[in-house]
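> In the numbering used here, the protein residues as written are 15 to 279.
1) What number of angstroms, rounded off, separates the C-alpha of residue 248 from the C-alpha of residue 274?
2) Let me see if you follow: with CB-CB separation under 7 angstroms, is residue 269 close to chain C or not?
3) Quick one: which unbroken beta strand (DSSP E) runs of 3-plus residues sit fully inside the region 76 to 123? Chain order, please.
4) Where does residue 198 sit, in a helix, a strand or coil, going by DSSP?
5) Compute the distance between the beta-carbons of residue 252 and residue 63, then report whether it is under 7 angstroms.
6) Check whether the region 231 to 244 touches the region 62 to 78, taking contact to mean three or more Cβ pairs, one atom from each stretch, closer than 8 angstroms.
7) Leaving aside the five residues before and after residue 204 along the sequence, list all residues of the same chain whose C-beta is less than 8 angstroms from its C-beta, in chain order.
8) Using the Cβ count rule (16 or more neighbours within 10 Å means buried), how would you classify residue 35?
9) Can you name the start and end residues of the alpha helix (DSSP H) that residue 146 belongs to?
10) Give every residue of the same chain whose Cβ lies closer than 6 angstroms to the Cβ of residue 128, excluding the five residues on either side of it in the sequence, and list them in chain order.
11) Applying the 10 Å Cβ sphere with the 16-neighbour rule, what's the burial state of residue 81?
12) Any idea if residue 78 is buried or exposed, counting beta-carbon neighbours within 10 angstroms, 16 or more meaning buried?
13) Taking its Cβ as the centre, do 16 or more other Cβ atoms sit within 10 Å of residue 228, making it buried, or is it exposed?
14) Would you list the residues sitting across from residue 177 in a DSSP beta bridge?
15) Only counting the same chain, and skipping five residues up and downstream in sequence, which positions put a Cβ closer than 7 angstroms to that of residue 266?
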């Protein structure tokens, strides 16, 4: 079986990218330990043009005002109301690509939608974006502005390493906001998983309750994704820098990592 590999690129807190050597993962310091995030070889082979930005923030201060994030949300809502902008929908190539990916691993994207698709539909219906907490609001604003799925994990509640891989059917998942619910992803579904259980189902549909980001979260990994780096890689990198700029005034340090599978390695 061909092995996939991933190229990890790292941007400094000031947003200047530098390249690291080709590796199967990226490494994130978490206190005295290191968490690695990687794409499994079979997922890398199936989605060779994927590009994932992982924006990490340490010393995050979620209880203070985040005026730039508040302004970003309001700006999007005002532009939607004025008819000068609208969220990407399933007719957009960025969303269509995720629908195709979902179908490839047995998920109906009209019933279980990619996160950015669901967020856009909600915004069009209600005219507003949800206010959860500043960190979550920040990645929601960037996600919907650029039509890219986004999510986040509280790294203090992650156990072991994180893999983007196909589920084997033995895993468990507790949905965000439903701590007493336990689901079992079907074999072949793409998930984010650590050594305990699944962190995100259907690649980016819904995050887990255990690693949810709250106002008290201080060490967080934010994820932005595209399946077509050759077409939308520049957009993803712009989005990652925008997210970093929203986070930086409220964190001790922010870093952008880029994870990209190279099929056939």
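C-beta atoms are modelled at their ideal positions from N, C-alpha and C, and glycine is treated no differently.
In this structure, then:
1) If you number the chain shown from 1, residue 248 lands on position 234. If you number the chain shown from 1, residue 274 lands on position 260. Between the alpha carbons of residue 248 and residue 274 lies a gap of roughly 13 angstroms.
2) Protein chains in the displayed structure number just one, and chain C is not present.
3) none
4) Working through the chain shown from its first residue, we reach residue 198 at position 184. Of the three classes helix, strand and coil, the one that applies to residue 198 here is coil, per DSSP.
5) Walking along the chain shown from the start, residue 252 turns up at place 238. Walking along the chain shown from the start, residue 63 turns up at place 49. The answer is no: Cβ separation not under 7 angstroms.
6) yes
7) Here residue 204 refers to the residue found at position 190 of the chain shown. Once the five neighbours on either side are set aside, the close Cβ partners of residue 204 are 57, 115, 119, 178, 179, 180, 181, 216, 217.
8) Indexing the chain shown from 1 puts residue 35 at position 21. Annotation note: pLDDT 34 at residue 35 (below 50); position unreliable, coordinate value reported separately. Flag for residue 35 reads exposed.
9) Within the chain shown, numbered from 1, the residue matching residue 146 stands at position 132. No alpha helix (DSSP H) contains residue 146, which DSSP labels as neither H nor E.
10) As a first step, residue 128 is located in the chain shown; it is residue number 114 there, counting from the start. Closer than 6 angstroms at the Cβ level, and outside the excluded window around residue 128, lie 112, 163, 218.
11) The count along the chain shown starts at 1 and reaches residue 81 at position 67. Under this definition residue 81 is an exposed residue.
12) For the purposes of this step, residue 78 is taken as residue 64 along the chain shown, with counting starting at 1. Exposed, by the Cβ-count rule.
13) Sequence index remark: in the chain shown, residue 228 carries index 214 (1-based). Counting Cβ neighbours within 10 Å, residue 228 comes out exposed, since fewer than 16 surround it.
14) Locating residue 177 in the chain shown gives position 163, counting from the first residue. 52, 207, per the DSSP bridge assignment.
15) One-based indexing of the chain shown puts residue 266 at position 252. Around residue 266: 72, 73.
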